[in-house]
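**Q** Counting with this note's numbering, you get residues 223 to 350 for the letters of the sequence shown.
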Amino acid sequence: MTSSRPPSSAATLNAIFLFVAAAGIVLQVIVGVPGYPTVPPGPIILAAAGILVLALATRARWVLFIGIIAPAFVLVGGLIEGSIWKRLGNPGDFGPFLGTALQEIGVVVALIYGIVAVTHAYRKVTAH
223 MTSSRPPSSA
233 ATLNAIFLFV
243 AAAGIVLQVI
253 VGVPGYPTVP
263 PGPIILAAAG
273 ILVLALATRA
283 RWVLFIGIIA
293 PAFVLVGGLI
303 EGSIWKRLGN
313 PGDFGPFLGT
323 ALQEIGVVVA
333 LIYGIVAVTH
343 AYRKVTAH
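(1) Taking 8 Å as the threshold, find out whether the segment 249-269 comes into contact with the segment 279-286 through three or more Cβ pairs.
(2) Can you tell me whether N312 is helix, strand or coil according to DSSP?
(3) Given a threshold of 16 other Cβ atoms within 10 Å of its Cβ, counted over all protein chains shown, does Y335 qualify as buried or as exposed?
(4) Please determine, among F295, A237, V242, the residue with the shortest C-alpha to C-alpha distance to G321.
(5) Specify, as a first and last residue, the run of the alpha helix (DSSP H) that P263 falls within.
(6) Would you check if there are 3 or more beta carbon pairs closer than 8 Å linking the segment 227-236 to the segment 325-341?
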């Protein structure tokens with residue numbers, strides 16, 4: 223199933239927003255948001271998922287599920303941890319606010335486009 227065509231628009235947007243979310247977490251670490259480990263796993267997971275979606279989505283449709291699982295994992299983890307609400311509620315502390323906003327917007331939009339990409343990829347197969 224090798225293909226030289228580019229990934230679908232939804233898959234590309236999924237990957238872009240995975241990178242946006244990863245950048246948001248990196249920004250939070252840079253500005254010193256407490257609670258992050260020295261090397262947080264979130265940006266690594268999100269960036270790796272984005273790379274996989276861009277590189278392999280046209281060869282193996284199952285890779286698109288990674289574009290759903292990774293942002294869902296980070297989103298649920300952030301909601302359970304709970305400190306995102308404090309950072310989003312304090313736009314005066316601009317660095318943590320911006321990093322958190324990028325992270326949350328990135329994971330939510332990546333999740334949406336991931337679902338769209340999977341739906342389109344599997345709908346095309348069943349339609350034939």
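Every residue gets a Cβ at the ideal spot worked out from N, C-alpha and C, and that includes glycine.
Note that this is a predicted model, so its numbers are computed, not measured.
**A** Judging by the given coordinates:
(1) Flag = no, the segment 249-269 and the segment 279-286 do not touch.
(2) N312: coil per DSSP, three-state reduction.
(3) Buried is the call here.
(4) Taking only the C-alpha atoms, the option nearest G321 is V242.
(5) First-last of the alpha helix (DSSP H) with P263: 263-278.
(6) Cβ pair count under 8 Å is three or more, so yes.
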